[in-house]
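*Asks:* Below is a structure I'd like to ask you about.
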Amino acid sequence: MTATTTTTRKVLLSGSRPTGRQHLGNYVGALAQWLELQDECECFFMIADWHALTNAYNDTSALPENIKNQVMDWLAVGLDPKKATIFVQSAVKEHAELALLLGMFTPLGLAERCTSWKDLVIEQGIEEMRTYGFLGYPVLQSADILIYRAEIVPVGKDQVEHIEKAVDIAEKVNSRYGEVFTIPKWRLSKSPVLLGNDGRKMSKSWNNTIQLSDSSDAMWEKMRVMVTDPARVRKTDPGDPEKCSVWAYHKVFTPAARHEEIVANCTSAGWGCMQCKKVLFEAVDGHFAPARERRADLEARPDAWKEIIFEGNRAARARARETMTVVREKLHLYQSNGWD
Ligand code: TRP
Ligand code: SF4
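Positions in the sequence shown are counted from 1; adding 51 to them yields the working numbering.
Right, dumping it as structure tokens:
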């Protein structure tokens, strides 16, 4: 095959565990970046369902529902199967083969030097989590990245340590067997952190999230009760936007031209928090109007998402297989078509 223009685009992989319905935190922290990147890079976006098992192996019954909802939300906000490959990790079995091989090169200390392992297993002593699979979390994640020869891996801060491990393992293999793997680089999302509407960390389990699939009314009901600067007890008390999570949302969703007005009205008690939230609601609601349309469209064709994933799995598998052929060859492993 001759070189085409597509070969100049950088290969990018990112993914997340199937937690189900996505919220504004997922959007701002990951999806919004992915939407931009799908125009620049050759993107692979993965639902990491095997990774979901590492801490929830006792009950997997919600997986199918969570995968579907996550894919629907990704597509609704505009991840575009014409531009990017959207797929499910467990549909590409080669990840498991590569994870097994990478495990041979992974010192136990490297696997143990993992924040979640140290926290859950060492500090908290949760015996259920002291498993081979959970210890292998970063090894499987390294396989996810290296198998696509990804050059860029956009992630949140908490994931950087995993990408660094992928680099360490890849370099170790390359130093012994030649250029087997492409060395990936992590890229931090520059997004601010949004808090839940109760002022705590946004978390599905705390029920304090605004979901991308919420109706306009549901979004407003959640915004209405958002915790604001505690100094604003009465409408006449001036506030400080920096102490208010509504302002953090404004910075993301409300056009910059209105920011000055918002700050002025807050610090001078020119308006009440409810009015401020109305402005925010309108911005957010408008921002997600196209997503609502795409979602309605997808829901009218119940098999559409399955076909998209089916096609994504196929494309991902093709690339993963290319890598594995090289890996097996360089590592002198058995080739199913026999050795030369
Ligand atoms: N560990 C990531 C998370 O919990 C998900 C993930 C799995 C991932 N494999 C990956 C992210 C590879 C980036 C690259 O969100
Ligand atoms: Fe927050 Fe707006 Fe109220 Fe100020 S006016 S405290 S920014 S909600």
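Here a beta-carbon is modelled for each residue, glycine too, at the ideal position from N, C-alpha and C. This structure is a prediction, so every number in the text was calculated from the model and none was measured.
1) So, is residue 277 buried or exposed, given that buried needs 16 or more other C-beta atoms within 10 angstroms?
2) Taking the C-alpha atoms as reference points, what is the distance between residue 157 and residue 224?
3) Would you kindly work out how many angstroms separate the C-alpha atoms of residue 123 and residue 129, rounded to a whole number?
4) Taking the alpha carbon of residue 89 as the reference point, which residue from 77, 125 and 306 has its own alpha carbon closest?
5) Quick check: does the Cβ of residue 162 come within less than 7 Å of any heavy atom belonging to the ligand TRP?
6) Name, in chain order, the residues that DSSP records as bridge partners for residue 262.
7) Could you say which of 68, 290 and 186 lies nearest to residue 115 if we only look at CA atoms?
8) In whole angstroms, what separates the C-alpha of residue 353 from that of residue 135?
9) Which one or two residues does DSSP pair with residue 136 in a beta bridge?
10) In this structure, what does DSSP give as the bridge partners for residue 289?
11) For residue 304, which option in 279, 75, 315 and 268 has the closest C-alpha, if you only look at C-alpha atoms?
12) Tell me which residue opens and which closes the alpha helix (DSSP H) that residue 149 is part of.
13) For residue 252, which residues in the same chain have their Cβ closer than 7 Å to its Cβ, ignoring the five residues on either side in sequence?
14) Taking residue 381 as part of the alpha helix (DSSP H), name the residues at either end of that continuous run.
15) Could you tell me the boundaries of the beta strand (DSSP E) in which residue 186 lies?
16) Considering only residues of the same chain and omitting the five flanking positions on each side of residue 213, which have a CB-CB separation below 7 Å?
17) Going by other Cβ atoms of all chains shown within 10 Å of its Cβ, with 16 needed for buried, is residue 306 buried or exposed?
18) Flag this pair as yes or no: are the beta carbons of residue 63 and residue 203 separated by less than 8 Å?
19) Can you grab the Cα-Cα spacing for the pair residue 109 / residue 361, in whole Å?
20) Do three or more CB pairs link the stretch 229 to 244 to the stretch 295 to 303 at distances below 8 Å?
21) Quick one, which of 78, 166, 98 and 180 has its alpha-carbon nearest residue 142's?
22) Just the Cα atoms here: how many angstroms apart are residue 270 and residue 221?
23) Out of 318, 229, 161 and 341, which one is the CA nearest neighbour of residue 216?
24) Taking residue 318 as the reference, give the member of 169, 232, 331 and 294 with the closest Cα.
25) So, are the CB atoms of residue 381 and residue 228 less than 8 Å apart?
26) If contacts are defined as beta-carbon pairs under 8 Å, then residue 120 and residue 72 qualify, I think. What distance do you get, rounded to the angstrom?
27) As an exercise, report each continuous alpha helix (DSSP H) stretch of at least 4 residues that is fully enclosed by the stretch 171 to 259, in chain order.
28) Identify every residue that forms a DSSP beta bridge with residue 62.
29) In its own chain, which residues sit with a C-beta less than 6 Å from the C-beta of residue 363, not counting the 5 before and 5 after it?
30) So, helix, strand or coil for residue 296, using DSSP?
31) Between residue 237 and the ligand SF4, is the CB less than 7 Å from at least one heavy atom?
32) Looking at the ligand TRP, does it come within less than 7 Å of residue 352, judged from the CB to the closest heavy atom?
33) Name the two residues that bound the continuous alpha helix (DSSP H) containing residue 165.
34) For residue 67, list the residues DSSP reports as bridge partners.
35) Look up residue 386 in the DSSP assignment and say whether it is helix, strand or coil.
*Replies:* Judging by the given coordinates:
1) On the sequence shown, residue 277 is found 226 positions in, with the first residue counted as 1. With 16 or more Cβ atoms within 10 Å of its Cβ, residue 277 is classed as buried.
2) Here residue 157 refers to the residue found at position 106 of the sequence shown. Here residue 224 refers to the residue found at position 173 of the sequence shown. The C-alpha of residue 224 is placed about 10 Å away from the C-alpha of residue 157.
3) If you number the sequence shown from 1, residue 123 lands on position 72. If you number the sequence shown from 1, residue 129 lands on position 78. As the crow flies, the alpha-carbon of residue 123 is around 10 Å from that of residue 129.
4) Numbered from its first residue, the sequence shown carries residue 89 at position 38. Distance check between residue 89 and each of 77, 125 and 306 places 125 closest, using alpha-carbon atoms only.
5) The residue given as residue 162 occupies position 111 in the sequence shown. Answer for residue 162: no, Cβ out of range of the ligand TRP.
6) Position 211 of the sequence shown, counting from 1, holds the residue named residue 262. Answer is 74, bridged to residue 262.
7) Taking the first residue of the sequence shown as 1, we reach residue 115 at position 64. The shortest Cα separation from residue 115 among 68, 290 and 186 belongs to 68.
8) On the sequence shown, residue 353 is found 302 positions in, with the first residue counted as 1. On the sequence shown, residue 135 is found 84 positions in, with the first residue counted as 1. If you take the alpha carbons of residue 353 and residue 135, they lie about 21 Å apart.
9) In the sequence shown, residue 136 corresponds to position 85, counting from 1. Answer by DSSP bridge pairing, in chain order: 95.
10) On the sequence shown, position 238 is the one that residue 289 refers to. Residue 289 pairs with nothing; no bridge assigned.
11) Taking the first residue of the sequence shown as 1, we reach residue 304 at position 253. Considering only alpha carbons, the answer is 75.
12) Reading the sequence shown from its first residue, position 98 is the one you call residue 149. Note, residue 149: alpha helix (DSSP H), 145 to 156.
13) Residue mapping note: residue 252 aligns to position 201 of the sequence shown, counting from 1. Within the same chain, residue 252 has close Cβ partners 246.
14) Locating residue 381 in the sequence shown gives position 330, where the first residue counts as 1. Residue 381 -> alpha helix (DSSP H) spans 355 to 381.
15) Position 135 of the sequence shown, counting from 1, holds the residue named residue 186. First-last for residue 186: 183 to 186, but that is the alpha helix (DSSP H), not the beta strand (DSSP E).
16) Start at 1 with the first residue of the sequence shown, and residue 213 comes out as number 162. 189 and 192.
17) Stepping through the sequence shown from its first residue, residue 306 is reached at position 255. Residue 306 should be labelled exposed.
18) For the purposes of this step, residue 63 is taken as the residue at position 12 of the sequence shown. For the purposes of this step, residue 203 is taken as the residue at position 152 of the sequence shown. Remark: C-beta atoms of residue 63 and residue 203 approach each other more closely than 8 Å.
19) Working through the sequence shown from its first residue, we reach residue 109 at position 58. Working through the sequence shown from its first residue, we reach residue 361 at position 310. The straight-line gap from Cα to Cα measures roughly 27 Å.
20) yes
21) As a first step, residue 142 must be located in the sequence shown, where it is residue number 91. Taking only the C-alpha atoms, the option nearest residue 142 is 98.
22) Position 219 of the sequence shown, counted from the start, is the residue given in the question as residue 270. Position 170 of the sequence shown, counted from the start, is the residue given in the question as residue 221. Spanning the two alpha carbons is a distance of roughly 44 Å.
23) Here residue 216 corresponds to residue number 165 of the sequence shown, with the count starting at 1. Of 318, 229, 161 and 341, the residue nearest in Cα terms is 161.
24) Within the sequence shown, the letter at position 267 stands for residue 318. Closest option to residue 318, judged by alpha-carbon separation, among 169, 232, 331 and 294: 294.
25) On the sequence shown, residue 381 is found 330 positions in, with the first residue counted as 1. On the sequence shown, residue 228 is found 177 positions in, with the first residue counted as 1. Against a cut-off of 8 Å, the Cβ pair of residue 228 and residue 381 comes out as a contact.
26) Within the sequence shown, the letter at position 69 stands for residue 120. Within the sequence shown, the letter at position 21 stands for residue 72. In this structure residue 120 touches residue 72 by the C-beta definition: roughly 5 Å separates them, less than 8 Å.
27) 183 to 186, 188 to 197 and 211 to 228
28) Looking up residue 62 in the sequence shown gives position 11. Answer by DSSP bridge pairing, in chain order: 93.
29) In the sequence shown, counting from the first residue as 1, residue 363 sits at position 312. Closer than 6 Å at Cβ, skipping near neighbours: 136, 137 and 138.
30) In the sequence shown, residue 296 corresponds to position 245, counting from 1. Three-state DSSP puts residue 296 in a helix.
31) Along the sequence shown, read from residue 1 onward, the residue named residue 237 stands at position 186. No, since every heavy atom of the ligand SF4 falls outside the 7 Å radius drawn around the Cβ of residue 237.
32) As a position in the sequence shown, residue 352 is number 301, starting the count at 1. Because no heavy atom of the ligand TRP lies under 7 Å away, the Cβ of residue 352 does not count as near it: no.
33) Position 114 of the sequence shown holds residue 165. Segment: none, residue 165 is in no alpha helix (DSSP H) and carries neither H nor E.
34) The residue you call residue 67 lines up with position 16 of the sequence shown. The partner list for residue 67 (beta bridge, DSSP) reads 98.
35) Along the sequence shown, read from residue 1 onward, the residue named residue 386 stands at position 335. Here residue 386 sits in coil by DSSP.
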